[in-house]
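K.L.:
Take a look at this one; I'll ask things after.
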Amino acid sequence: MRSLLLASSLLVLLPACAGSYERQTRSSLDARPRPVPRDDDADPEAPSASFDGSYPRYVGYALEHNPDLRARYAEWEAAVDGIDTMRSLPNPVVRYSLYLRHVETRVGPQRHKLGFSQSFPWPTQLSAGAASASLSASAAEQRLDGEALAVTERVGSAYWRLWLVDRTKGVLEDQQKLLEAVEEAARARLEVGSASLADLTQVSLRRSRLIDRIGALTEERHRLEAALRRALSVTPATALPVAEAPPEVALPSESDASLRQAARKNPRVSALELLAESRREAADRAFAAGLPGFSVGVDWIETGPAMATGVADSGKDAVMLNFGIDIPIWRHVHSAEEARAKSESRAFLAQRDAAEDEMVAGTEVALADVRDAFRRVRLYRDTLLPQAETVIESVLGGYQVGEVGLAAVLMGQDDMLELSLGLHRAQADHAIAWARLEALVGRKVAAGEGA
Numbered sequence: 004m005r006s007l008l009l010a011s012s013l014l015v016l017l018p019a020c021a022g023s024y025e026r027q028t029r030s031s032l033d034a035r036p037r038p039v040p041r042d043d044d045a046d047p048e049a050p051s052a053s054f055d056g057s058y059p060r061y062v063g064y065a066l067e068h069n070p071d072l073r074a075r076y077a078e079w080e081a082a083v084d085g086i087d088t089m090r091s092l093p094n095p096v097v098r099y100s101l102y103l104r105h106v107e108t109r110v111g112p113q114r115h116k117l118g119f120s121q122s123f124p125w126p127t128q129l130s131a132g133a134a135s136a137s138l139s140a141s142a143a144e145q146r147l148d149g150e151a152l153a154v155t156e157r158v159g160s161a162y163w164r165l166w167l168v169d170r171t172k173g174v175l176e177d178q179q180k181l182l183e184a185v186e187e188a189a190r191a192r193l194e195v196g197s198a199s200l201a202d203l204t205q206v207s208l209r210r211s212r213l214i215d216r217i218g219a220l221t222e223e224r225h226r227l228e229a230a231l232r233r234a235l236s237v238t239p240a241t242a243l244p245v246a247e248a249p250p251e252v253a254l255p256s257e258s259d260a261s262l263r264q265a266a267r268k269n270p271r272v273s274a275l276e277l278l279a280e281s282r283r284e285a286a287d288r289a290f291a292a293g294l295p296g297f298s299v300g301v302d303w304i305e306t307g308p309a310m311a312t313g314v315a316d317s318g319k320d321a322v323m324l325n326f327g328i329d330i331p332i333w334r335h336v337h338s339a340e341e342a343r344a345k346s347e348s349r350a351f352l353a354q355r356d357a358a359e360d361e362m363v364a365g366t367e368v369a370l371a372d373v374r375d376a377f378r379r380v381r382l383y384r385d386t387l388l389p390q391a392e393t394v395i396e397s398v399l400g401g402y403q404v405g406e407v408g409l410a411a412v413l414m415g416q417d418d419m420l421e422l423s424l425g426l427h428r429a430q431a432d433h434a435i436a437w438a439r440l441e442a443l444v445g446r447k448v449a450a451g452e453g454a
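Every number in the numbering used here is 3 more than the matching position in the sequence shown, counting from 1.
Okay, here's the thing in structure tokens:
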């Protein structure tokens, strides 16, 4: 009897102890700023926000307003709120009985009966259930972190592609001015008979092709703006300026091994591992559900006065303390649930392994892209472009005085155009690869040697 009373006391304290799971997880939830909800009453054709063109401003706005992040945050809230339901005891039962035919006793007739009972499952059923729900909530938090990384990468990819379109347009416009100067020189030479009409026509054709490329870039910018607006959750009327300054080009200050190790702890990987642990706890809960439970109750029987006079304890009510044991007859049902939870845990572990391999392989690719873009920026900026500028200045001067043919000028112009675009493309490729690298390792990557 003393053992049964001790077990009952421990079971009463279990819900309070299990509440620590919810408190720990909810404190993390409360510390995270809630994403800003969309204003459904706002005019969908009016600008949603104003931007100064800086990359950090775009990223900050997206992290506050992206609807995918709102969805992940709500899922996290729901998971935290579900912890309490897993650690609660069954509802107590209050019973009332009215004796339609009174039971006569020596001390009087029994007329009413009132009872109260509380059931208690096997202790680990509550603790394992709370642990499972808490781990699921932690996994939801990791999924939110992973979504934030993905949103940041999408913003970075769209932003730097927009930057590349703007810089490409600027280069083409500069080349158009260069061809205008060449066209004027060709027309002057044509007048004195030192150039042919074919030369002038060839230059005009090149100018027309440049104008077409500039027009195509306008539509390309519209496509990229749509991708950036999706990540930001802003209206089509919102202007999306881009700063002219090129991105910082550098190599990571950390070793490849440390970045690969960080990628193994990416929130996507951590979320799957937490889900696997959650299902293991769910298996323990299912096992405990097949073990005996207990119940404790008290009954009170109202007794009327005895019919005879002078009876000792006449009308004395009866009070009873009762105990019960829940016998798990349908054990196979809980065994099936336990087996299912274990299988789901193994599935999540396999998904974790696959995600870890994906993160590590992606990190290797991103690092290669960062290093390649770093190399190209140095090569174009420090070697090839200065040489091309020297060549174009030389051939332009020679063409104007009749010492150089048009073919050399156009070849120099082609080289200048290709290398200028190559430099900007390498800078954009570096910024996009860097954003992807940070999304894979799950955190900011410190810059080391700069280009």
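Virtual Cβ for every residue (Gly too), placed ideally from N, Cα, C.
Here the structure is a predicted model, which is why all the values come from computation and not from measurement.
1) Can you tell me which of Glu78, Asp302 and Ser236 puts its alpha carbon nearest to the alpha carbon of Glu65?
2) Could you spell out the range, first to last residue, of the beta strand (DSSP E) harbouring Met323?
3) At the level of alpha carbons, what is the spacing between Ala339 and Ala265?
4) By a C-beta neighbour count over all protein chains shown, 10 Å radius and 16 as the cutoff for buried, is Asn325 buried or exposed?
5) What residue range does the beta strand (DSSP E) around Arg114 cover?
6) Would you decide whether Leu9 is buried or exposed? Buried here means 16 or more other CB atoms lie within 10 Å of its CB.
7) Terminal residues of the continuous beta strand (DSSP E) containing Ala253?
8) Are three or more beta carbon pairs between the stretch 124-142 and the stretch 390-399 nearer than 8 Å?
9) Skipping 5 residues on each side, what residues in its chain have a beta carbon closer than 7 Å to that of Tyr383?
10) Express the C-alpha separation of Val322 and Ser11 in angstroms, rounding to a whole number.
11) Name the residue from Glu48, Ala81 and Leu152 whose alpha carbon lies nearest to the alpha carbon of Leu447.
12) Output the distance between the C-alpha atoms of Arg29 and Ser139, rounded to the nearest integer angstrom.
13) What ranges does the alpha helix (DSSP H) occupy inside the stretch 348-409, keeping only unbroken runs of at least 4 residues that lie completely in it?
14) Since Gln145 and Leu277 are thought to touch, with beta carbons under 8 Å apart, how far apart are those beta carbons, to the nearest angstrom?
15) For Ala151, list the residues DSSP reports as bridge partners.
16) Which residues in the same chain have their Cβ closer than 8 Å to the Cβ of Ala358, if we skip the five residues on either side of it in sequence?
17) Out of Ile395, Arg343, His433 and Ala289, point me to the one whose CA is closest to Ala184's CA.
18) So which of Met89, Ile332, Glu284 and Ala49 has the shortest CA-CA distance to Pro295?
19) Compute the Euclidean distance between the alpha carbons of Gly408 and Asp215, then round it to the nearest angstrom.
20) Within a Cβ cutoff of 6 Å, which residues of the same chain sit near Gly453, ignoring the five residues on either side of it in sequence?
21) Can you tell me which of the three DSSP states Val174 falls into?
22) Going straight from the alpha carbon of Ser258 to that of Ala353, what length do you get?
23) Do the stretch 115-126 and the stretch 298-310 make contact, defined as three or more Cβ pairs closer than 8 Å?
24) According to DSSP, is Val97 helix, strand or coil?
25) Are there 16 or more other CB atoms within 10 angstroms of the CB of Gln390, so buried, or fewer, so exposed?
26) Is the distance from the Cβ of Ala291 to the Cβ of Ala344 below 8 Å?
27) For Ala449, which three-state DSSP category applies?
28) If you count every other CB in all the chains shown that lies within 10 Å of the CB of Met310, and 16 or more means buried, which is it?
P.N.:
Reading it off the structure:
1) Stepping through the sequence shown from its first residue, residue 65 is reached at position 62. At residue 65 the sequence reads Ala, which differs from the Glu that was named. The shortest C-alpha separation from Ala65 is found at Ser236.
2) Here residue 323 refers to the residue found at position 320 when the sequence shown is read from its first residue. Taken as a continuous stretch (DSSP letters only), the beta strand (DSSP E) holding Met323 covers Ala321 to Asp329.
3) To locate residue 339, count along the sequence shown from 1; it is residue 336. To locate residue 265, count along the sequence shown from 1; it is residue 262. For Ala339 and Ala265, the distance between alpha carbons rounds to 38 Å.
4) What you label residue 325 is simply residue 322 of the sequence shown in a count that begins at 1. Exposed, since its Cβ has fewer than 16 Cβ neighbours within 10 Å.
5) Position 111 of the sequence shown holds residue 114. Under the DSSP assignment, Arg114 falls in the beta strand (DSSP E) whose first and last residues are Gly111 to Phe123.
6) Stepping through the sequence shown from its first residue, residue 9 is reached at position 6. At Leu9, the pLDDT of 39 sits below 50, so the modelled position is not reliable; the number obtained from the coordinates is stated separately. That one is exposed.
7) Here residue 253 corresponds to residue number 250 of the sequence shown, with the count starting at 1. Segment Ala253 to Pro255, the beta strand (DSSP E) holding Ala253.
8) no
9) Position 380 of the sequence shown, counting from 1, holds the residue named residue 383. Take Tyr383, set aside five residues on each side of it, and the residues of its chain with a beta-carbon closer than 7 Å to its own are Leu422, Gly425, Leu426 and Ala429, in chain order.
10) Counting from 1 along the sequence shown, the entry for residue 11 is found at position 8. Counting from 1 along the sequence shown, the entry for residue 322 is found at position 319. Confidence is the limiting factor: at Ser11 the pLDDT is only 43, short of 50, which leaves the residue's position unreliable, though a coordinate-based value still follows. C-alpha separation (whole angstroms): 20 Å.
11) Position 444 of the sequence shown holds residue 447. In the sequence as presented, Leu is not what sits at residue 447; that position holds Lys. The option with the nearest alpha carbon to Lys447 is Leu152.
12) One-based indexing of the sequence shown puts residue 29 at position 26. One-based indexing of the sequence shown puts residue 139 at position 136. Straight-line Cα distance between these residues: approximately 13 Å.
13) 388-403
14) Taking the sequence shown and counting its residues from 1, the one referred to as residue 145 is at position 142. Taking the sequence shown and counting its residues from 1, the one referred to as residue 277 is at position 274. That pair is a contact at about 6 Å.
15) Counting from one through the sequence shown, the residue named residue 151 turns up at place 148. None, per the DSSP bridge assignment.
16) The residue labelled residue 358 in the question sits at position 355 within the sequence shown. Hits under 8 Å: Asn269, Arg271, Val272 and Leu275.
17) As a first step, residue 184 must be located in the sequence shown, where it is residue number 181. When only C-alpha atoms are compared, the closest one is Ile395.
18) Counted from its first residue, the sequence shown places residue 295 at position 292. Nearest C-alpha to Pro295: Ile332.
19) Numbered from its first residue, the sequence shown carries residue 408 at position 405. Numbered from its first residue, the sequence shown carries residue 215 at position 212. Cα-Cα distance, rounded: 26 Å.
20) The residue given as residue 453 occupies position 450 in the sequence shown. Once the five neighbours on either side are set aside, the close Cβ partners of Gly453 are Ala253.
21) Along the sequence shown, read from residue 1 onward, the residue named residue 174 stands at position 171. Residue state for Val174 is assigned as helix, using DSSP reduced to three classes.
22) For the purposes of this step, residue 258 is taken as residue 255 along the sequence shown, with counting starting at 1. For the purposes of this step, residue 353 is taken as residue 350 along the sequence shown, with counting starting at 1. Rounded to the nearest angstrom, the two C-alpha atoms are 28 Å apart.
23) yes
24) As a position in the sequence shown, residue 97 is number 94, starting the count at 1. Strand at Val97.
25) Along the sequence shown, one-based indexing puts residue 390 at 387. Per the 10 Å Cβ criterion, exposed.
26) The count along the sequence shown starts at 1 and reaches residue 291 at position 288. The count along the sequence shown starts at 1 and reaches residue 344 at position 341. When the beta-carbon positions are compared, Ala291 and Ala344 stay at least 8 Å from each other.
27) Taking the sequence shown and counting its residues from 1, one reaches residue 449 at position 446. Reduced to three states, the DSSP call for Ala449 is coil.
28) Reading the sequence shown from its first residue, position 307 is the one you call residue 310. Flag for Met310 reads exposed.
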